[in-house]
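Q: Okay, handing you the structure first.
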Amino acid sequence: MLTELLNRIDSYLLLHYTVRDLETWLLSNLQQILDSGEEAAIDLANKVDADLVELGEGIMDELAFRERLQSYIMTKDTLPFEYYETQPRDSVTASTSAETTSDGFEITGPVVDLHLEHSFA
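In the working numbering, the protein residues as written are 535 to 655.
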């Protein structure tokens, strides 16, 4: 559950979700997180839930909320790897080649011009 919660927070921080999307997901999954027994997930869910309450009551603005979520992700006890605000870019390399010939084409049979008509009832 911790990984899923961190992924949701990360997606919010990367602007893939709104604060309401994050809140809806957390409220829908809070009991499952509590039942999981994962102390780190439960602790993080409780912190985020409390921050959402403060945000909703106007005690905290969204910028402060985002900064707090970032600090949770950067905490070594919560996540054992570094957090990057932007997703790494994939490198794509492509190459094409074309060969042009100046030979003429010889048509050995009759040329038929087909016209198709479609009608929908």
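Using N, Cα and C, we set each Cβ at its ideal position, and we do this for glycine too.
Bear in mind the structure is a predicted one, so any value in this text is a computation, not a measurement.
Taking all protein chains shown into account, do 16 or more other C-beta atoms lie within 10 angstroms of the C-beta of Asp544, making it buried, or fewer, making it exposed?
A: Its Cβ being crowded by 16 or more others within 10 Å, Asp544 is buried.
Q: Taking its Cβ as the centre, do 16 or more other Cβ atoms sit within 10 Å of Asp611, making it buried, or is it exposed?
A: Confidence at Asp611 is low in this model, with a pLDDT of 49, below 50, so the placement of that residue should be treated as unreliable; the coordinate-derived value is given next. Under this definition Asp611 is an exposed residue.
Q: For Leu589, name the three-state secondary structure that DSSP assigns.
A: helix
Q: Given Glu680, which residues of its chain have a CB within under 7 angstroms of its CB, disregarding the five upstream and five downstream residues?
A: The structure shown does not extend to residue 680, since the chain is modelled only from 535 through 655, so no value can be given for it.
Q: So, Met535 versus Gln566, is the Cβ gap smaller than 8 angstroms?
A: yes
Q: According to the neighbour-count rule (16 or more other Cβ atoms, all chains shown, within 10 Å of its Cβ), is Ala579 buried or exposed?
A: buried
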